[in-house]
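Asker: Take the position in the sequence shown, starting the count at 1, then add 8; the result is the number in my numbering.
Glycine included, every Cβ here is placed at the ideal spot set by N, Cα and C.
Everything numeric in this text was worked out from a predicted model, so none of it was measured.
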Amino acid sequence: MATGNEFTLLRQRRFLPFFLTQFLGAFNDNVFKNALIILIAFQMANVDAARSNFLINLCAGLFVLPFFLFSASAGQLSDKFEKSRYIRWVKLLEIAIMIGAAVGFMLNSVALLIAMLFMMGCHSTLFGPVKYSIMPQHLKPEELVGGNAWVEMGTNLAILLGTILGGVLIAWPQGHLWVSGAVIMIAVLGYLVSRAIPQAPPAAPDLRFNWNPVSEAWRILRFTYGNFTVFQSVLGISWFWFLGSVYLAQLPNFTRLTLGGGEHVVTLLLTLFAVGIGTGSLLCERMSGRQVELGLVPFGSIGLTLFGVDLFFATPAAPPAGSELLGMLAFLSQPGSWRIVLDVVAIGMFGGFFIVPLYALVQQRSEPSHLSRVIAGNNILNAVFMVAAAVIAIVLLDLGLSIPQLLLAMAILNAAVAAYIFSLVPEFLMRFMVWILVNIGYRLKTRGLDHIPDQGPAVVVCNHISYMDALVVIGCCRRPIRFVMDYQIFKVPVLNFVFRTAGAIPIASAREKPEILKQAYDRVARYLEEGEVVGIFPEGRLTEDGEIGPFKAGIEHIVQRTPVPVIPMALRGMWGSFFSRRYGKAMSHLPRRFWSRIELAVGEPTPPEQATSALLRERVRALRGDWQ
Numbered sequence: 009m010a011t012g013n014e015f016t017l018l019r020q021r022r023f024l025p026f027f028l029t030q031f032l033g034a035f036n037d038n039v040f041k042n043a044l045i046i047l048i049a050f051q052m053a054n055v056d057a058a059r060s061n062f063l064i065n066l067c068a069g070l071f072v073l074p075f076f077l078f079s080a081s082a083g084q085l086s087d088k089f090e091k092s093r094y095i096r097w098v099k100l101l102e103i104a105i106m107i108g109a110a111v112g113f114m115l116n117s118v119a120l121l122i123a124m125l126f127m128m129g130c131h132s133t134l135f136g137p138v139k140y141s142i143m144p145q146h147l148k149p150e151e152l153v154g155g156n157a158w159v160e161m162g163t164n165l166a167i168l169l170g171t172i173l174g175g176v177l178i179a180w181p182q183g184h185l186w187v188s189g190a191v192i193m194i195a196v197l198g199y200l201v202s203r204a205i206p207q208a209p210p211a212a213p214d215l216r217f218n219w220n221p222v223s224e225a226w227r228i229l230r231f232t233y234g235n236f237t238v239f240q241s242v243l244g245i246s247w248f249w250f251l252g253s254v255y256l257a258q259l260p261n262f263t264r265l266t267l268g269g270g271e272h273v274v275t276l277l278l279t280l281f282a283v284g285i286g287t288g289s290l291l292c293e294r295m296s297g298r299q300v301e302l303g304l305v306p307f308g309s310i311g312l313t314l315f316g317v318d319l320f321f322a323t324p325a326a327p328p329a330g331s332e333l334l335g336m337l338a339f340l341s342q343p344g345s346w347r348i349v350l351d352v353v354a355i356g357m358f359g360g361f362f363i364v365p366l367y368a369l370v371q372q373r374s375e376p377s378h379l380s381r382v383i384a385g386n387n388i389l390n391a392v393f394m395v396a397a398a399v400i401a402i403v404l405l406d407l408g409l410s411i412p413q414l415l416l417a418m419a420i421l422n423a424a425v426a427a428y429i430f431s432l433v434p435e436f437l438m439r440f441m442v443w444i445l446v447n448i449g450y451r452l453k454t455r456g457l458d459h460i461p462d463q464g465p466a467v468v469v470c471n472h473i474s475y476m477d478a479l480v481v482i483g484c485c486r487r488p489i490r491f492v493m494d495y496q497i498f499k500v501p502v503l504n505f506v507f508r509t510a511g512a513i514p515i516a517s518a519r520e521k522p523e524i525l526k527q528a529y530d531r532v533a534r535y536l537e538e539g540e541v542v543g544i545f546p547e548g549r550l551t552e553d554g555e556i557g558p559f560k561a562g563i564e565h566i567v568q569r570t571p572v573p574v575i576p577m578a579l580r581g582m583w584g585s586f587f588s589r590r591y592g593k594a595m596s597h598l599p600r601r602f603w604s605r606i607e608l609a610v611g612e613p614t615p616p617e618q619a620t621s622a623l624l625r626e627r628v629r630a631l632r633g634d635w636q
C-alpha cells in the first residue's frame, strides 16, 4: 500500500493548530460532562436509580439538541465567513460558557450546570461544520483520510483525557473548585491556539443568511439528499452516533448497577472505549493505503455487532455481593472482567473503522462551496438520531429492560441497519469484499496513483496476469474504475456481484458475440462522456508466459470515438499466483505462496492523439520492468 509517515500532518501549520483547537474543545467538553455525570450518578446517591437514569439521559439529549436546532445556521456561517476568524469567535463563546459552568459548580446548582451543558452543545454545534469543511481547504486529497483519522483519534483521546480528568477532579475534596478552574483554563488555551490557524477563504461569501432555522434545516437536508452516496454516508454516520450515544449514556449506570463498579471503573471503561476508537481511526489510514476505503465500513459494522453481542453474554447475572462499589483493581480481579474490557475496546476500535471512511467520503464527494452546509445537514441528522437514542433508551428502560438487554438490542439492531444501508449502497459491501480478497492474499504497494485525475474521464490500460488483476486495481484507486472484461469472467459466482456493483463492462469477440461487443463499446463511450474512468486489459487475455503480449486495437477504437487521456499502469509480482497461468490452468493447483508482495505502478497520462497500441504497450512494459 501507499507509504507515508502518519505524523507528517502534525508538523504542518496548515493542520496542527486546527487539530489542537478541536482537541482542546473536545477535551473541555468531556471534563465538564463527565464531572456533571459523576456528580449525578454518584454524589447524588440519595436519588433512586430511575431518577438518576432520567437525569443522565436528559443530559445526553440536551447536549445534542442544539445540533438539531442550530446546525443549519452554523453551516451558513461557516460557508459565509473566513474560517479561522469564525473559529476564534466560537472559542471566545466557549470561555463565556465555562465561566457560567464554574458558577454552577460553585453554587452546586444542577439546573444551572445542565443549562451550561446545553450551551456547550451550542458551542459544539457552531464548531461542527467548520471542523470538517476546513480540512479539504488545507489538506491534499490523499491526506483527507489521514486528517480525518487524526481528528477522530484526537477527539477520542480528548474524550479519554477529559473523562479521566473530569472524573478525578470532581472526586477530590472541593472537586467543584478544581473542575471550575480547569474548564476555564482549557477554554482560554483553546482560544490562544486557534489564533495560529491559517486563513481559509469563505466558500460562499455572498451567501444570503436565512434566519429561519427550520426552513434552512429543511433546505440543507434536501440538498444533502441530492447526492445519494453522500446522503447514505450521512445516514451511516448518524447511525454510528445513535449507537455510540446509547453506549456512552448507559455506561455509568451499567458500571454501578450491573458491574458493581465505582467512579474509577466508569472512567476506566470510558477511557478504553475512547482508546478503541482512536486506535481504529489511526489503523484506518494504514489499512486503507491513505485513500477513502469504503470496504472498512462493513468491516467496522460487523465488529460492532459481534462485540456488542458478546458484551451482553460477558456481563455477570448480578453485581458482586457487598455494599461497597468496586475500585478499578478490584473490578479487574473479578471473573470475566477482562472479557468486558476487550469488548469495550473492540467496540470502540471497530467504530473507528466504521466512521473515518464515511467522513472522508462526505468531504471528497460533496461540492466544495456547500461542504459546510452538507456537514451541517449531517450534524442535524446526527442530532435527530442522538436525541432519538436518548428517548428510546429512557422508554425501553422504563418498560423494564435492563441496561445489558438494551445494549444487546442495539447490537442486533446495528446488524439490521447495516444490512439496509449496504443494500441501498452496495458499493460499501463491494469494496469490503475487494479489500478482504486483496489484503488476505497480497502485500500491496502502489506508486504513481496521483496520475489518475480526481475528476474527468480517462482510460487506464494494464497488463493482464491473473484473474485478480481487476480487483487489485479497483482496490487501489480512489475513483471507481469501470473495467471491460470477458463476459465469461463477468459471470463467475460471487465475483459477479463485485463486477456488477463496480459497473464492469462484459465484452466478447466480434466472432463469438458481436451484439455484446457493440454494447460494450457503447457503454464505454457513455461512461467516458459522463466523466468516468474506464479500465481495459488491451492484451485481451491472460498471459501464458508472464510476458506482456501485443495490445489489440480496441484501445485505439475507444479513444478515436471518445478522445480522453490514457493512463498506463503495470501490475508487478502477480505472475506465479494461484490466479495466474504459470503452473498451468489458473486456479487448478494448490496455492504455492501466500500474502506475497505485489505492486501497482501508474505512469503519466498519454494524450489521446498519441495513444497507439504499440506506444501504450511500451509504456506498460517500462513500468513493469523485469519484475513479473
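I need the straight-line Cα distance from Pro306 to Leu314, nearest angstrom please.
Answerer: Approximately 12 angstroms between the Cα atoms of the pair.
Asker: Where are the alpha helix (DSSP H) runs, 4 residues long or more, that stay fully inside the stretch 507-542, in chain order?
Answerer: 522-537, all fully within the stretch 507-542.
Asker: Give the single residue among Pro209, Leu229, Gly112 whose Cα lies nearest to the Cα of Ile192.
Answerer: Cα-wise, what sits closest to Ile192 is Gly112.
Asker: Counting beta carbon pairs with one atom in the stretch 137-157 and one in the stretch 103-120, are three or more of them shorter than 8 angstroms?
Answerer: Result no; under three Cβ-Cβ pairs closer than 8 angstroms.
Asker: By DSSP's criteria, Thr454 is part of a beta bridge. Which residues make up the other side?
Answerer: Looking at the DSSP assignment, Thr454 forms a beta bridge with Leu608.
Asker: Contact defined as beta carbons within less than 8 angstroms: I believe Cys130 pairs with Pro209. What is the distance between those atoms, to the nearest angstrom?
Answerer: No, Cys130 and Pro209 are not in contact; Cβ-Cβ is about 26 angstroms, not under 8 angstroms.
Asker: Going by DSSP, which residues form a beta bridge with Cys470?
Answerer: DSSP output for Cys470 lists Met577 as bridge partner(s).
Asker: Which residues does DSSP pair with Ile544 in a beta bridge?
Answerer: BP columns for Ile544 point to Val469.
Asker: Please classify Met595 as buried or exposed, where buried requires at least 16 other C-beta atoms within 10 Å of its C-beta.
Answerer: When all chains shown are included, Met595 counts as exposed.
Asker: When you compare the stretch 31-50 with the stretch 362-376, are there three or more beta-carbon pairs, one atom per stretch, that lie closer than 8 angstroms?
Answerer: Result no; under three Cβ-Cβ pairs closer than 8 angstroms.
Asker: Quick one: what does DSSP say Met143 is sitting in, helix, strand or coil?
Answerer: Here Met143 sits in helix by DSSP.
Asker: Less than 8 angstroms between the CB atoms is what I'm expecting for Arg589 and Glu552, so what's the real figure, rounded?
Answerer: That belief holds up - the Cβ atoms of Arg589 and Glu552 are roughly 6 angstroms apart, short of 8 angstroms.
Asker: Three or more C-beta pairs under 8 angstroms: does that hold for the stretch 161-181 against the stretch 268-280?
Answerer: Yes: the two stretches touch, three or more of their Cβ pairs being nearer than 8 angstroms.
Asker: Taking the beta carbon of Tyr591 as the centre, do at least 16 other beta carbons fall within 10 Å, making it buried, or is it exposed?
Answerer: Exposed.
Asker: Mind reading off the beta-carbon distance from Met582 to Ile556? Whole number of angstroms is fine, and I expect it under 8 angstroms.
Answerer: Rounded, the Cβ-Cβ distance is 12 angstroms, inconsistent with contact.
Asker: So the candidates are Leu334, Leu337, Val349, Leu333; which of them puts its Cα closest to the Cα of Phe320?
Answerer: Out of Leu334, Leu337, Val349, Leu333, Val349 has the C-alpha closest to the C-alpha of Phe320.
Asker: Use the C-beta contact count for Gly286: other C-beta atoms within 10 angstroms, 16 or more gives buried, fewer gives exposed.
Answerer: Its Cβ being crowded by 16 or more others within 10 Å, Gly286 is buried.
Asker: Return the bridge partner residues of Asp494 from the DSSP annotation.
Answerer: In DSSP, Asp494 forms a bridge with Ile515.
Asker: For the stretch 333-399, which segments carrying the alpha helix (DSSP H) assignment without a break, of at least 4 residues, lie completely within its bounds, in sequence order?
Answerer: Counting whole runs of 4 or more residues, the stretch 333-399 contains the alpha helix (DSSP H) stretches 336-340, 345-373.
Asker: With a CB to CB cut of under 6 angstroms and the five nearest residues on each side skipped, what residues in its chain are close to Ala43?
Answerer: Cβ neighbours of Ala43 beyond the five flanking positions: Gly174, Ile178, Val187.
Asker: What do you reckon, are the CB atoms on Ala609 and Leu631 nearer than 8 angstroms?
Answerer: For Ala609 and Leu631, yes; Cβs fall inside 8 angstroms.
Asker: Please classify Thr11: is it buried, with 16 or more other beta-carbons within 10 angstroms of its beta-carbon, or exposed?
Answerer: Legend: pLDDT at Thr11 = 42, less than 50; position of this residue unreliable, value from coordinates given subsequently. Looking at its Cβ environment, which holds fewer than 16 other Cβ atoms inside 10 Å, Thr11 is exposed.
Asker: Compute the beta-carbon to beta-carbon distance between Pro599 and His459, rounded to the nearest angstrom, for a pair I have assumed lies under 8 angstroms.
Answerer: Not really, about 32 angstroms apart at Cβ, beyond 8 angstroms.
Asker: Find the nearest neighbour of Phe126 within the set Ser621, Leu457, Cys67, judged by alpha-carbon distance.
Answerer: Of the listed residues, the one whose Cα sits closest to Phe126 is Cys67.
Asker: According to the Cβ coordinates, are Gln371 and Leu215 closer than 8 angstroms?
Answerer: No, Cβ-Cβ distance for Gln371 and Leu215 is not below 8 angstroms.
Asker: Between His146 and the rest of its own chain, which residues show a CB-CB distance below 6 angstroms, the 5 nearest in sequence each way excluded?
Answerer: Excluding positions up to five away in sequence, the list reads Arg22.
Asker: Would you please state the rounded distance, in angstroms, between the beta carbons of Ala401 and Leu421? I believe it to be under 8 angstroms.
Answerer: That pair is no contact at about 12 angstroms.
Asker: Here's a check: name, in chain order, each residue in its chain whose Cβ is nearer than 7 angstroms to the Cβ of Asp494, leaving out the five neighbours to either side.
Answerer: Excluding residues within five positions, the ones whose Cβ falls inside 7 angstroms are Ile515.
Asker: Taking just the CA atoms, how far does Met577 sit from Glu150?
Answerer: For Glu150 and Met577, the distance between alpha carbons rounds to 19 angstroms.
Asker: Let me know the secondary structure DSSP gives Gly408 once reduced to three states.
Answerer: Residue state, collapsed to three classes: coil.
Asker: Is it buried or exposed for Val222, if we count other Cβ within 10 angstroms and need 16 for buried?
Answerer: Exposed, by the Cβ-count rule.
Asker: Taking the CB atoms as reference points, tell me whether Phe250 and Ala397 lie closer together than 8 angstroms.
Answerer: Against a cut-off of 8 angstroms, the Cβ pair of Ala397 and Phe250 comes out as a contact.
Asker: Is the beta carbon of Ala211 less than 8 angstroms from the beta carbon of Asp87?
Answerer: Yes, the pair counts as a contact, with Cβ atoms nearer than the cut-off.
Asker: With distances taken between CB atoms, is the gap from Phe231 to Ile142 smaller than 8 angstroms?
Answerer: Going by C-beta atoms, Phe231 is not nearer than 8 angstroms to Ile142.
Asker: Can you tell me whether DSSP reads Gly584 as helix, strand or coil?
Answerer: In this structure, Gly584 counts as coil in the three-state DSSP scheme.
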